[in-house]
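Residue numbers (this note's numbering): 1 to 159. Quick reminder that beta carbons are idealized off the backbone N, C-alpha and C, glycines included. Owing to the predicted nature of the structure, the values given are computational and were not obtained by experimental measurement. Only one structure is covered here, and it is reproduced in the block below.
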Ligand code: HEC
């Protein structure tokens, strides 16, 4: 009798352990969360490479044509990386409030979002041509670049 009870308790405990382990595993493997992380990583890279370009344009960082050129080239390289699968449906901040700041508008207005992406690509290409050609050239391209980040964030990113 006692032995049976103990066995029952043990198997319940084991079952519970299994559920918890399984849930933790499932959370780690949530493909949507992975996708959100990946797109945020791409954004972090954009910010990392664009930051010193903004700094040079403002005069906070000394202009260095080689570095400027490499930074702009890196923005261009990031654009060439595939973002396929990084923006699955219903991965906005309303569905993933702890993970994402993407507004649902990003999916509701795909044309607008695509335009914002194209404006950014244009700005990056302009910057890639200009960045190594002197501070004046960098400065003339930097406004469009900054505006393209900001424009998209204003429409499609939550505060
Ligand atoms: C076409 C739209 C678009 C463009 C262009 C864009 N972003 Fe973003 N960015 C987003 C969206 C949407 C998010 C929110 C992603 C999420 O949390 O799901 C974001 C998030 C970010 C984040 C936060 C990342 C994190 O760790 O959560 C940074 C930093 C950022 N962007 C920087 C930039 C910079 C710098 C540029 C320009 C050089 C840029 N972005 C261009 C749409 C854009």
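Query - Residues bridged to residue 171 [DSSP beta-bridge criterion] - result: The structure shown has nothing for residue 171, since the chain only spans 1 to 159.
Query raised in the report: Within the chosen definition, does the stretch 47-63 reach the stretch 133-146 through at least 3 CB pairs nearer than 8 Å?
Result: These segments touch.
Query raised in the report: Would you call residue 108 buried or exposed, if buried means 16 or more other Cβ atoms sit within 10 Å of its Cβ?
Result: Counting from 1 along the chain shown, the entry for residue 108 is found at position 108. Of the residues assessed, residue 108 falls on the exposed side of the cut-off, its CB having fewer than 16 other CB atoms within 10 angstroms.
Query raised in the report: Taking DSSP as the reference, what is the three-state secondary structure of residue 133?
Result: The residue you call residue 133 lines up with position 133 of the chain shown. It is coil, neither helix nor strand.
Report task. Please report the residue range of the alpha helix (DSSP H) in which residue 51 lies. Result -> Working through the chain shown from its first residue, we reach residue 51 at position 51. Here the alpha helix (DSSP H) through residue 51 covers 31-58.
Query raised in the report: Taking 7 Å as the cut-off, does the CB of residue 117 come closer than this to any heavy atom belonging to the ligand HEC?
Result: Reading the chain shown from its first residue, position 117 is the one you call residue 117. The answer is yes for residue 117.
Query raised in the report: How about residue 35 and residue 86: are their beta carbons less than 8 Å apart?
Result: By 1-based counting over the chain shown, the position of residue 35 is 35. By 1-based counting over the chain shown, the position of residue 86 is 86. Taking 8 Å as the Cβ cut-off, residue 35 and residue 86 qualify as a contacting pair.
Query raised in the report: Just how far apart, CA to CA, sit residue 79 and residue 123?
Result: Looking up residue 79 in the chain shown gives position 79. Looking up residue 123 in the chain shown gives position 123. C-alpha separation (whole angstroms): 11 Å.
Query raised in the report: Less than 8 Å separating the beta-carbons of residue 157 and residue 103?
Result: As a first step, residue 157 must be located in the chain shown, where it is residue number 157. As a first step, residue 103 must be located in the chain shown, where it is residue number 103. The Cβ atoms of residue 157 and residue 103 sit closer than 8 Å to each other.
Query - Contact under 8 Å by Cβ, residue 77 with residue 132 - result: One-based indexing of the chain shown puts residue 77 at position 77. One-based indexing of the chain shown puts residue 132 at position 132. No.
**Report entry** Under the three-state DSSP convention, the category residue 1 falls into
**Finding:** The count along the chain shown starts at 1 and reaches residue 1 at position 1. Reliability of the predicted coordinates at residue 1 is poor, the pLDDT of 48 falling under 50, and the value obtained from them is presented with this limitation in mind. Here DSSP, grouped into helix, strand and coil, assigns residue 1 to coil.
Query raised in the report: Quick one, which of 118, 94, 65, 64 has its alpha-carbon nearest residue 159's?
Result: What you label residue 159 is simply residue 159 of the chain shown in a count that begins at 1. Closest in C-alpha terms to residue 159, from the list 118, 94, 65, 64, comes 94.
Query raised in the report: Taking the alpha carbon of residue 175 as the point to measure from, which residue in 128, 119, 127, 137 has its own alpha carbon closest?
Result: Since the displayed the chain opens at 1 and closes at 159, residue 175 lies outside it and no answer follows.
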